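Last residue of the sequence shown: 277 (numbering that gives the first Met the number 0), numbering continuous.
All residues carry an ideal CB built from backbone N, CA and C; glycine is no exception.
Computed from a predicted model, the values in this text were never measured in an experiment.
Report on the following structure.
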Amino acid sequence: MDQNSLRKVVEGQLLRLEGSAFQDCMDRLGLELHPGDYQPVRAAGPKGDTKNDGYCPKARVFFAAHATRGERIDKTKAKIRGDLEGCLQEHRDVRVWRFLTNDTLPGEVDQFIDNELRPLHRGVTVEVWGLKTLADEISKLKRDQVERITDVISVDEPELEVVALDHMKTGRDLWPILSGCLGWLEHVEPDDCTDEEQDLIDGAVQTFRDWSDISGDIEFSRSSVRDAQRSITAILEDLAEKKLALYAGTKDDYPLTGGPSPFLGTVAIFKIVRVAGE
0 MDQNSLRKVV
10 EGQLLRLEGS
20 AFQDCMDRLG
30 LELHPGDYQP
40 VRAAGPKGDT
50 KNDGYCPKAR
60 VFFAAHATRG
70 ERIDKTKAKI
80 RGDLEGCLQE
90 HRDVRVWRFL
100 TNDTLPGEVD
110 QFIDNELRPL
120 HRGVTVEVWG
130 LKTLADEISK
140 LKRDQVERIT
150 DVISVDEPEL
160 EVVALDHMKT
170 GRDLWPILSG
180 CLGWLEHVEP
190 DDCTDEEQDL
200 IDGAVQTFRD
210 WSDISGDIEF
220 SRSSVRDAQR
230 SITAILEDLA
240 EKKLALYAGT
250 KDDYPLTGGP
260 SPFLGTVAIF
270 KIVRVAGE
């Protein structure tokens, strides 16, 4: 599994977590990022967790983990303010306060943090790690660390069944595949590519993956999707000028993780072929 596919799997696992399960996962992340320093904290007694879900006594980094998926904006803002100010009241010498969530926070919440909270607490580095940041940070670690944090076991790609691939002539043809997949298998290409053709193919495939990565962020905007489709069409036309064509398809229910309950998802399959000249 390549790095991009791994990151998508991690995102999917994080999205599944709620409540204490998310906090447990964040504790495992803290233990991997700060070995020998990070200490999990759980509520106990009348003072609760003293607005601290885990911290590093040496580095003075304090964590607040909260699954915010589907939560109202005003509630999220109140939670962040309360946890930050409560932590600063209860603990000395807080250098970094890090809010962890398995959601992508709305722009209004980001503005609230940047325009209101950070100016009030200039001596503290206030960080927010949302879904994509968490997935990026986790995916940078070694594979066994990723498995410990996300509580999954990654596996090598199984042998594929026969999948029908369609000729992709425009960005509109390819977009449903890019926006509907959670990962990609290694692409297939002609064996006799020149260096120039190889660079063109590598750049095209990487661009397709990049658009797939952000497809969920731009789907709400028809103009953004059209811009993406036009960009993809231009790439397909560049390939066609070199007598190269893209065939693509998807494989559903593909096991992206191992274990007794594997995480299944749709993967994209890209095949570049050389077409006969006219």
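With contacts defined as CB atoms closer than 8 Å, residue 76 and residue 108 qualify as a contacting pair. From the listed residues 245, 51, 17, 106, the smallest Cα separation to residue 232 is found for 245. Bridge partners of residue 35 according to DSSP: none are assigned. In this structure, residue 179 lies away from residue 11, with their beta-carbon atoms at least 8 Å apart.
In this structure, residue 138 sits near residue 5, with a CB-CB distance shorter than 8 Å. Exclusion of the five residues before and after residue 199 leaves 237, 238, 241 as the residues of its chain whose Cβ lies within less than 7 Å of its Cβ. Around the beta carbon of residue 269, 16 or more other beta carbons lie within 10 angstroms, which makes this residue buried. Boundaries of the beta strand (DSSP E) harbouring residue 263: 263-273, taken from the DSSP string. Boundaries cannot be given for residue 122, as no beta strand (DSSP E) includes it and DSSP labels it neither H nor E. Restricting attention to 174, 38, 124, the CA atom closest to the CA of residue 92 is found in 124. The C-alpha of residue 65 lies about 48 Å from the C-alpha of residue 272.
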